[in-house]
Structures are given as C-alpha cells and as structure tokens.
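Here's the structure, in structure tokens; my notes come after.
Numbering (the numbering used here), first residue to last: -5 to 126.
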C-alpha cells in the first residue's frame, strides 16, 4: 500500500506567508514560479538551485510598484506562463488586477542537458522500485 504513495523529491519554503499558486514554465521543465500572500513572486530554476529561488521580487502591494492604471497591487493569487511566449508571466492579485512580467531568456529558453537533469531529479532507485 505505501509503495503506491507519491514520494516528495524536494521541499522548499519560499515564503513565511501563504502560497496561492505555482506555475511551471512551458519551455523550461526545471523552472516554475510561486505566488505568495505578501505580493511576491518567487522563481525557481532547479538546474541552478533546488532549495532557494533564483529570483524573488515584489510583484504586488509595493507603493513603488504601480500597474499601468496607477493602482498598487496586493497578494498575488494566480500565475500563468504564456504558452506562445514562455518569457511572459501573468500575475493576478486579490484586487482583480493583472500584470505581465517579461523574464530573461535564461529563465525562458531550455538549457543544454535540462531534460537529463529533470529525469535525474525524479529518478527512483531501481532497487527500491523492484523491491516493492
């Protein structure tokens, strides 16, 4: 019975606040973004670092950050990468506002050896597979 349960591969805690959404990059299988209640977006690149985000930035709630309509943002509750242009990341806040971010090519273009790294990350020891 327990052999059928999924096993955690990595545990990360990007924020001390609530997390509202996670979105995987459609182009980079080791890149994903996390939205938190403090208005931050955390970007992980598991090819570079498996525990700490490679980029965290205030996307909402900052008095310095204003949307084109002049409003400030609050908690980021939803994220979505563009399937047509994976450098674009849309974020929605709890006030119903949306902002688009353009990520660097380092975070939006597949890297050499990335698929092999992904396979290695999710690999289960063959002995454990066959013993259950």
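Glycine is no exception: its CB is placed at the ideal position from the N, C-alpha and C atoms.
How would you call residue i, buried or exposed, if buried means at least 16 neighbouring beta carbons within 10 angstroms?
i	result
residue 33	buried
residue 92	exposed
residue 106	exposed
residue 113	exposed
residue 40	buried
residue 24	buried
residue 80	buried
residue 16	exposed
residue 38	buried
Who are residue i's beta bridge partners in DSSP?
i	result
residue 31	Answer is none; residue 31 lacks a bridge partner.
residue 13	30
residue 74	84
residue 93	85
residue 50	36
residue 25	39
Measuring alpha carbon to alpha carbon, tell me which residue in the options is nearest residue i.
i	options	result
residue 46	91, 54, 114, 8	8
residue 54	75, 74, 43, 29	29
residue 50	104, 95, 109	95
residue 82	12, 97, 17	97
residue 75	111, -2, 88, 35	35
residue 14	69, 90, 104	69
residue 6	108, 109, 48	48
Would you mind stating whether residue i and residue j have Cβ atoms separated by less than 8 Å?
i	j	result
residue 42	residue 115	no
residue 21	residue 73	no
residue 102	residue 19	yes
residue 84	residue 71	no
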